[in-house]
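S.K.: Residue numbers (this note's numbering): -8 to 104.
The C-beta atom is built at its ideal place from N, Cα and C for all residues, glycine as well.
Sharing a structure with you now.
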């Protein structure tokens, strides 16, 4: 996809950003970004620009987790410690989280404490 496909609507709608990502499997997906990550600093949006997505991803994350469960790739009742990298485990444990007691099901139900 040509980035102008997104640049034109971003300009026309006076929208700050647009991002389109598509892909399948574990390989990095294809994508295109348009607009500014920080207009004041003149920094363009890229595919690697972090976004604060807040609650927008909860439904999608739950759907993906349930698909993994259906395929036998995720045990919703197993501790999340087995799913996290050592760096993430250290970060969460240093903040007081009991990663050996928290499960994916509890996270999706907002009942992990």
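1. Nearest to residue 22 by alpha carbon, out of 40, 30, 77?
2. For a quick check, are the C-beta atoms of residue 38 and residue 24 less than 9 Å apart?
3. Take residue 45 and list the residues in its own chain whose beta-carbon comes closer than 7 Å to its own, dropping the five residues that flank it on each side.
4. For residue 95, count neighbouring Cβ atoms within 10 angstroms of its own Cβ and tell me buried if that reaches 16, exposed if not.
5. Compute the distance between the beta-carbons of residue 48 and residue 27, then report whether it is under 9 Å.
6. Provide the residue(s) that pair with residue 12 in DSSP beta bridges, ordered along the chain.
7. Between residue 68 and residue 43, what straight-line distance do the alpha-carbon atoms span, to the nearest angstrom?
8. Taking only the alpha-carbon atoms, compute the straight-line gap between residue 61 and residue 3 and give it to the nearest angstrom.
9. Residues in the same chain with beta-carbon distance under 8 Å from residue 80, minus the five sequence neighbours each way, listed in chain order, please.
M.R.: In this structure, then:
1. 40
2. yes
3. none
4. buried
5. no
6. 22
7. 28 Å
8. 43 Å
9. 72, 90
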